[in-house]
Amino acid sequence: EDKVVQSPLSLVVHEGDTVTLNCSYEVTNFRSLLWYKQEKKAPTFLFMLTSSGIEKKSGRLSSILDKKELFSILNITATQTGDSAIYLCAPGRGGATNKLIFGTGTLLAVQP
Amino acid sequence: DTGVSQNPRHKITKRGQNVTFRCDPISEHNRLYWYRQTLGQGPEFLTYFQNEAQLEKSRLLSDRFSAERPKGSFSTLEIQRTEQGDSAMYLCASSLGRDGGEAFFGQGTRLTVV
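Residue numbers (my numbering), protein chains in the order written: chain A, 694 to 805; chain B, 2 to 115.
This is the structure we're talking about:
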């Protein structure tokens, strides 16, 4: 059965701190891993990772995938209060059963 | 707005009533997904369409749930004889036809069954 585990479940930091969010997965017919940010409404897309060891960056956020060890990390440097959200990891299956399988997320709270 | 659109945004219904939600995906996206999300949980997969074909339906989905995408464009999700346990956020997402390609979500329909 497909499994996605995110850690920590929740995290409280102060503005300016750096955080690392973890995602481990076991997914049949794995194709890619996606990260989403969810505030009060629907998840918004952050990154899609398909290759091991290649870091993707967007401003203060970066992410990397390890397909051998079946995990990914999301880093946020110089955190701001606007980074407060739930961060969801979603490995994607390919082929006819294409779909994203979500973890429960990491709740990040950035205090001023 | 060219993103994924869902209607209604909120729905309150009495237990036992039927409800129908609509999703309009991004126009060139041929894949459409429905997910359900409850408080403290990540989105849970319900069903998936490629064009008008429903290719997968979660075994967690009871027979009270049905989804259609008749012309491969918009989709509807119907819940018959609603129960309080159906209260959740129902999310629709769409993507291009690449395996594992990024999916973009609509704002969701929040259902409350009283």
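For every residue, glycine included, the Cβ atom is placed at its ideal position computed from N, Cα and C.
Quiz item: In the DSSP assignment, what residue or residues form a beta bridge with B:Ala94?
Solution: The residue labelled residue 94 of chain B in the question sits at position 93 within the second sequence. DSSP lists B:Tyr34, B:Phe106 as partners of B:Ala94.
Quiz item: Is there contact between the stretch 736 to 746 of chain A and the stretch 55 to 69 of chain B, where contact requires at least three CB pairs shorter than 8 angstroms?
Solution: No, the stretch 736 to 746 of chain A does not touch the stretch 55 to 69 of chain B.
Quiz item: Any idea if B:Val115 is buried or exposed, counting beta-carbon neighbours within 10 angstroms, 16 or more meaning buried?
Solution: Working through the second sequence from its first residue, we reach residue 115 of chain B at position 114. B:Val115 should be labelled exposed.
Quiz prompt | Interface flag, B:Arg82 vs chain A, CB-CB below 8 angstroms | solution = Your numbering for residue 82 of chain B matches position 81 in the second sequence. No, its Cβ sits nowhere closer than 8 angstroms to a Cβ of chain A.
Quiz item: A:Thr774 to A:His707, Cα distance in whole Å?
Solution: Taking the first residue of the first sequence as position 1, residue 774 of chain A is located at position 81. Taking the first residue of the first sequence as position 1, residue 707 of chain A is located at position 14. Straight-line Cα distance between these residues: approximately 8 angstroms.
Self-check item: Against chain A: residues of the stretch 44 to 76 of chain B by CB proximity under 7 angstroms
Solution: The stretch 44 to 76 of chain B vs chain A, Cβ under 7 angstroms: Pro44, Phe46, Tyr49, Leu56, Glu57.
Practice problem: Could you tell me which chain A residues have their CB closer than 9 angstroms to the CB of B:Leu92, listed as they occur along the chain? | Solution: Start at 1 with the first residue of the second sequence, and residue 92 of chain B comes out as number 91. Those are Ala735, Pro736, listed as they occur along chain A.
Quiz item: Quick one: what does DSSP say A:Asp710 is sitting in, helix, strand or coil?
Solution: The residue labelled residue 710 of chain A in the question sits at position 17 within the first sequence. In this structure, A:Asp710 counts as coil in the three-state DSSP scheme.
Quiz item: Name the chain B residues whose beta carbon is nearer than 7 angstroms to that of A:Leu793?
Solution: Sequence index remark: in the first sequence, residue 793 of chain A carries index 100 (1-based). The contacting residues are Ala104.
Practice problem: Show which residues of chain A have a CB atom less than 8 angstroms away from the CB atom of B:Arg1. | Solution: This structure cannot speak to residue 1 of chain B, because chain B is shown only from 2 to 115.
Quiz item: Out of A:Met741, A:Glu694, A:Glu732, which has the shortest C-alpha to C-alpha gap to A:Thr799?
Solution: Walking along the first sequence from the start, residue 799 of chain A turns up at place 106. It is A:Glu732 whose Cα lies nearest to the Cα of A:Thr799.
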